[in-house]
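Chemist: Quick note on our numbering: the sequence shown kicks off at 1 and runs consecutively.
Here a beta-carbon is modelled for each residue, glycine too, at the ideal position from N, C-alpha and C.
Bear in mind the structure is a predicted one, so any value in this text is a computation, not a measurement.
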Amino acid sequence: MEFYDFESRLERPVKVKIPDFQTGERLNHIVFADQFTTSTIDRLGRTANRIRLLAKSTEGCRFLSELLRHKRAMLYFTQPSTRTFLSFMAACQILGLSCTEVRDPSTSSETKGESPYDSVRMFSSYFDVVIMRSKVPQFAECCAYMMNDLRQASRRSVPIINGGSGADEHPTQALLDMYTIHRAFSFHHERNSSQWTWFDELREQYPGLRKGVDGKVFGFCGDIRRGRTIRSLAHLLSQYEDVSMYFVSPQHPKLAMSSEFRKLLLDRGVNVREVASFDERIDDVPMIELLDCLYMTRFQREHNRPEDEADFQAIDFSQFRLTPRLVARMKSYAAILHPFPRDAAFGEIPTTIDADPRAHYFRQARNGMWARAALLAYLFDVDATITDYYEQYTRQTSDYNVGAL
Ligand code: NCD
């Protein structure tokens with residue numbers, strides 16, 4: 001089994017590939033962000049809310065941890081990861097799945113010449129799902145095809161979840177980003193729901209403000225070209241109505257958005273603008289003041305090539321750092337997101353911004369655990385059981401029904 005065995009399937013457009021990863025409407029492998037439709041995003045968001053609320057009580061935790069006690073997950077992460085790895089592990093623990101990891105292929109038989117495809121097939125013999133991150137683009141996709149071929153041959157086959165594949169995709173990050181965005185734009189306040197009139201107050205200040213994602217303005221800043229999280233999230237956001245996306249990055253071909261990506265968004269009706277700084281004016285207003293949500297990213301220095309060093313040195317990167325002054329000019333309800341890790345040396349988001357109510361990035365990372373637990377519950381078909389229990393449970397207990405999307 002090698003990469004070229006899948007070549008003809010890899011060359012197809014994404015929308016033609018998607019049916020290969022699902023059975024009817026039901027997702028089976030998670031390879032591309034575009035597999036998540038708005039209704040799947042809503043469904044998973046509702047499950048995530050139920051899980052997070054049930055997890056507040058011992059009884060709820062006990063219920064959740066029995067659901068998948070009979071299942072096992074393999075975390076095969078050969079590229080560095082903190083949040084994706086740990087939040088998947090925590091998600092497994094919440095649902096009772098036991099998990100094992102391979103992070104360093106030098107501890108596996110790959111050092112004896114075993115191919116990564118044989119490794120993944122072996123994992124599928126012992127485990128019920130393989131969650132993987134690789135620096136090799138399309139490796140997760142190829143593993144999903146391998147699993148499909150095995151199923152076709154009536155052999156054992158398990159779901160593959162792409163936890164980040166090279167520079168191309170990071171679908172579960174996009175899922176948790178969407179979950180965070182939905183929660184931010186529900187303008188809900190969990191702790192004091194009965195008296196909270198924050199949305200009404202905001203509407204006085206911003207009369208056109210609506211709940212939800214439609215009509216919102218998103219800013220993306222940093223390494224637009226090489227960061228996989230921006231691309232995956234933009235795919236999902238482009239499914240909503242009347243969305244604007246403003247991209248702030250150096251105008252260098254290795255860092256600015258690719259023409260394919262721009263075309264894809266324009267074809268989907270997104271209002272796309274590319275600007276060189278947060279102060280550049282759009283319809284005569286500085287871009288930073290127009291944003292409902294700002295998605296910051298780090299510059300992926302590990303991908304720098306020696307031949308680009310001179311060009312990169314000539315760029316004024318200070319334009320791509322957020323400052324408390326810029327944040328003070330943002331809308332009061334705007335959400336600042338970052339997939340993390342942030343680059344402490346570069347400082348695209350200085351820690352002085354962390355206490356600002358607009359800073360959602362730590363909450364976003366925690367949301368990754370709930371969103372991934374919801375995804376696992378869905379893949380193993382226990383999300384309806386969670387809904388039934390939740391409805392019964394909320395009837396018995398007090399006002400827990402506050403987390404709905
Ligand atoms: C990102 C990734 O690995 O693509 N991290 C993450 O999964 N949260 C972002 C990055 O590395 O810059």
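Suppose you measure from the CA of Ala371 to the CA of Gln364; what does that come to, to the nearest Å?
Modeler: 10 Å
Chemist: Going by other Cβ atoms of all chains shown within 10 Å of its Cβ, with 16 needed for buried, is Leu266 buried or exposed?
Modeler: exposed
Chemist: From the DSSP output, read off the bridge partner residues of Ala335.
Modeler: Cys293
Chemist: Going by the DSSP bridge assignment, what does Thr23 pair with across the sheet?
Modeler: Arg26
Chemist: Leaving out five residues before and five after Phe123 in sequence, what residues of the same chain have Cβ atoms less than 7 Å from its Cβ?
Modeler: Met74, Tyr76, Val130
Chemist: What number of angstroms, rounded off, separates the C-alpha of Leu290 from the C-alpha of Val213?
Modeler: 15 Å
Chemist: Taking the CB atoms as reference points, tell me whether Phe127 and Ser165 lie closer together than 8 Å.
Modeler: no
Chemist: The alpha helix (DSSP H) with Leu326 in it runs from where to where?
Modeler: Element bounds for Leu326: 324-328.
Chemist: On the DSSP bridge assignment, give the partners of Tyr76 in chain order.
Modeler: Val102, Met132
Chemist: Is the segment 349-356 in contact with the segment 56-75, if contact means three or more CB pairs nearer than 8 Å?
Modeler: no
Chemist: Pick out whichever of Lys254, Thr78, His235, Leu54 has its Cα sitting closest to the Cα of Asp308.
Modeler: Scanning Lys254, Thr78, His235, Leu54 for the CA closest to the CA of Asp308 turns up Lys254.
Chemist: Going by C-alpha to C-alpha distance, which of Asp388, Ala234, Val275, Ala55 sits closest to His252?
Modeler: Val275
Chemist: So, for Arg50: in the same chain, excluding its five sequence neighbours on each side, which residues have a beta-carbon less than 6 Å away from its beta-carbon?
Modeler: Cβ within range, chain order: Ile386, Tyr390.
Chemist: Of all residues in the structure, which have a C-beta closer than 7 Å to any heavy atom of the ligand NCD, taken in chain order?
Modeler: Residues with a Cβ closer than 7 Å to any heavy atom of the ligand NCD, in chain order: Ser81, Arg83, Thr84, Gly164, His170, Gln173, Gly227, Arg228, Thr229, Thr297, Arg298, Gln300, Pro339, Phe340, Pro341.
Chemist: Tell me whether Asn367 sits in a helix, a strand or coil according to DSSP, three-state version.
Modeler: DSSP, read as helix, strand or coil, puts Asn367 in helix.
Chemist: Give the range of the beta strand (DSSP E) segment to which Asn271 is assigned.
Modeler: 271-275
Chemist: When DSSP builds the beta bridges, which residues end up paired with Gly227?
Modeler: Paired residues: none, contrary to the question.
Chemist: So is Gln35 buried or exposed if we call it buried at 16+ other beta carbons inside 10 Å?
Modeler: buried
Chemist: Return the Cβ separation of Glu141 and Gly96 in integer angstroms, given the expectation that the two are a contact with Cβ distance under 8 Å.
Modeler: Rounded, the Cβ-Cβ distance is 29 Å, inconsistent with contact.
Chemist: Provide the residue span of the beta strand (DSSP E) that contains Gly164, from first to last.
Modeler: DSSP places Gly164 in the uninterrupted beta strand (DSSP E) bounded by 160-165.
Chemist: Three or more C-beta pairs under 8 Å: does that hold for the segment 168-182 against the segment 225-242?
Modeler: Taking a cut-off of 8 Å on C-beta distances, the segment 168-182 touches the segment 225-242, as three or more cross pairs fall below it.
Chemist: Which residue wins for smallest C-alpha separation from Glu7, given the options Ser98, Thr23, Met146, Lys15?
Modeler: Met146
Chemist: Please report the Cβ distance between Phe346 and Phe278, rounded to the nearest whole angstrom; I am assuming they are in contact, meaning their Cβ atoms lie under 8 Å.
Modeler: About 16 Å separates the two Cβ atoms, so there is no contact after all.
Chemist: Return the CA-CA distance between Arg26 and Ala174, expressed in angstroms with no decimal places.
Modeler: 19 Å
Chemist: Please name the residue or residues paired with Arg281 in a DSSP beta bridge.
Modeler: Arg281 has Pro286 as its beta-bridge partners, per DSSP.
Chemist: Report yes if the CB atom of Ser186 is closer than 8 Å to the CB atom of Val217, and no otherwise.
Modeler: Against a cut-off of 8 Å, the Cβ pair of Val217 and Ser186 comes out as no contact.
Chemist: According to the Cβ coordinates, are Thr84 and Ser134 closer than 8 Å?
Modeler: Cβ distance not < 8 Å, so Thr84 and Ser134 don't count as in contact.
Chemist: From what residue to what residue does the beta strand (DSSP E) around Met245 run?
Modeler: 244-248
Chemist: How about Glu348 and Leu322: do their beta carbons lie closer than 8 Å?
Modeler: Yes.
Chemist: Would DSSP call Glu348 helix, strand or coil?
Modeler: coil
Chemist: Helix, strand or coil: how does DSSP classify Gly219 here?
Modeler: In the structure shown, Gly219 falls within a strand segment according to DSSP collapsed to helix, strand and coil.
Chemist: Nearest to Thr37 by alpha carbon, out of Gly269, His235, Met330?
Modeler: His235
Chemist: Does Gly45 pass the burial test, meaning 16 or more other C-beta atoms within 10 Å, or should it be called exposed?
Modeler: With 16 or more other Cβ atoms within 10 Å, it is buried.
Chemist: Going by DSSP in three states, Glu201 sits in which element: helix, strand or coil?
Modeler: helix
Chemist: Pull up the distance between the alpha-carbon of Phe362 and that of Ser154, whole angstroms please.
Modeler: C-alpha separation (whole angstroms): 44 Å.
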